[in-house]
Amino acid sequence: MKKALQGATVALTLLGGGEAVAMEWMNNSVGFRYGQHFTNPNNPDDFSKRIYSFTHASGYRYGSNFLNLDVFLSDSRDPRKGTDHGGSEVYAVYRHQLYASRVFDMPPGTGLIKDYALTLGFDANRNNNFASARKRALVFGPTLKFNSVGVLDLSLMYYKEKNHTGIPGAQESNHTFDDTYLLNLTWMRPFEIANHTAKFQGFINYVGEKGEDYHGRDTAPEALMRTALMVAVRPGKSVKPNLYLGVGYEYWHNKFGVDGGRGSRTSTPTLNMEVTF
Numbered sequence: 001m002k003k004a005l006q007g008a009t010v011a012l013t014l015l016g017g018g019e020a021v022a023m024e025w026m027n028n029s030v031g032f033r034y035g036q037h038f039t040n041p042n043n044p045d046d047f048s049k050r051i052y053s054f055t056h057a058s059g060y061r062y063g064s065n066f067l068n069l070d071v072f073l074s075d076s077r078d079p080r081k082g083t084d085h086g087g088s089e090v091y092a093v094y095r096h097q098l099y100a101s102r103v104f105d106m107p108p109g110t111g112l113i114k115d116y117a118l119t120l121g122f123d124a125n126r127n128n129n130f131a132s133a134r135k136r137a138l139v140f141g142p143t144l145k146f147n148s149v150g151v152l153d154l155s156l157m158y159y160k161e162k163n164h165t166g167i168p169g170a171q172e173s174n175h176t177f178d179d180t181y182l183l184n185l186t187w188m189r190p191f192e193i194a195n196h197t198a199k200f201q202g203f204i205n206y207v208g209e210k211g212e213d214y215h216g217r218d219t220a221p222e223a224l225m226r227t228a229l230m231v232a233v234r235p236g237k238s239v240k241p242n243l244y245l246g247v248g249y250e251y252w253h254n255k256f257g258v259d260g261g262r263g264s265r266t267s268t269p270t271l272n273m274e275v276t277f
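Structure representation (structure tokens):
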């Protein structure tokens, strides 16, 4: 009963503030990446993107927070709607995790699984290209936190999406997709090259079918992978601020749930830069 009451009071603690939400650690970074072979459904051309990002991660008494904000700037082959200039997009991802070991005051595991967590959060975007998307997605579900150097999380989450399309001929421009699931694997593996910190990081998302799209066509499961290998310029461990340089790769199959067709598959290497502070 005592542990149950502890768990039940976490939400009130988060809303009420105080010492319980004081940060125990925090990492921030601003980044840039560039690739030349991005795609969109119904667009016959590959196009380049310059992507600026801000990432925040922090931990507190009961868990952790993660926020990533990307600003995508496309070239003229992915134009802003009604113009011949490149389009733009803002995409935000937020995830909050409650750790079982912290909520119920238990020691972390020493075997394969270090901890269990409840993950909840959202995705939100806005772009001004031909599709003019306004995505709002809610996610929540359990996460396995593996005993590994760095981060290795596997989550199975409920996924609910609402979105908008500006493509002519759609049956409805504002559409609520069916409930489905999101399987997510996230990792960040630190290591050293000579006396320089390095890291291999990324994620894989697999979203199940989500019913019909704006045109009444069945959606397909989609898979997205983004990964990067980064090396710090300044030598030493845990040096902040520091500049990381590296390369990345993005693969997207059945993009936005579109079942095949032009632009529904992205495969592009990227050049990456990141400043941590």
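Its first residue numbered 1, the sequence shown is counted upward by one per residue in full-length UniProt numbering. All C-beta atoms, glycine included, are put in the ideal place defined by N, C-alpha and C. From a predicted model like this one, the values you see are computed outputs, not experimental measurements.
Close beta carbons around residue 231, own chain, < 7 Å, minus the five adjacent residues each side | 193, 196, 198, 244, 245 and 246
For residue 30, the first and last residue of its enclosing alpha helix (DSSP H) | Counting along the chain, residue 30 falls outside any alpha helix (DSSP H), though it belongs to the beta strand (DSSP E) covering 25-38.
Endpoints, the alpha helix (DSSP H) within which residue 136 is located = Careful: residue 136 lies outside any alpha helix (DSSP H), inside the beta strand (DSSP E) at 136-146.
N- and C-terminal bounds of the beta strand (DSSP E) containing residue 231 | 222-232
If I'm right that residue 54 touches residue 69 with Cβ under 8 Å, what's the distance once you round it to whole angstroms?
-> 5 Å
The beta strand (DSSP E) enclosing residue 262, as first and last residue numbers | Looking at the DSSP string, residue 262 is not in any beta strand (DSSP E), and its letter there is neither H nor E.
Less than 8 Å separating the beta-carbons of residue 212 and residue 180?
-> no
Go to residue 247, then tell me how far its beta strand (DSSP E) extends in each direction, as first and last residue.
-> 242-253
Opposite residue 81 in the DSSP bridges: which residues?
-> In DSSP, residue 81 forms no bridge with anything.
For residue 47, does the three-state DSSP call read helix, strand or coil?
-> strand
Taking all protein chains shown into account, do 16 or more other C-beta atoms lie within 10 angstroms of the C-beta of residue 129, making it buried, or fewer, making it exposed?
-> buried
When the Cα atoms are used, what is the spatial distance from residue 143 to residue 81?
-> 39 Å
So what does DSSP say about residue 277, is it helix, strand or coil?
-> coil
Contact check, residue 102 vs residue 61 under 8 Å by CB: the rounded distance?
-> 6 Å
Beta-carbon separation (whole angstroms), residue 228 vs residue 202, contact threshold 8 Å | 6 Å
Residues near residue 141 by beta carbon distance below 7 Å, same chain, minus five either side | 119, 155, 156, 157 and 158
Report the three-state DSSP secondary structure of residue 149 (helix, strand or coil).
-> coil
Rounded straight-line distance, which links the Cα of residue 163 to that of residue 122 | 13 Å
Determine the direct distance from the alpha carbon of residue 200 to that of residue 187, and round the result to whole angstroms.
-> 8 Å
Based on the DSSP secondary-structure assignment, which residues constitute the bridge partners of residue 126?
-> 90
Where residue 78 and residue 40 are concerned, what is the direct C-alpha to C-alpha distance, given to the nearest angstrom?
-> 8 Å
Distance, residue 183 Cα to residue 266 Cα | 19 Å
Check whether the Cβ atoms of residue 57 and residue 47 lie closer than 8 Å to each other.
-> no
Helix, strand or coil for residue 101, going by three-state DSSP, please let me know.
-> helix
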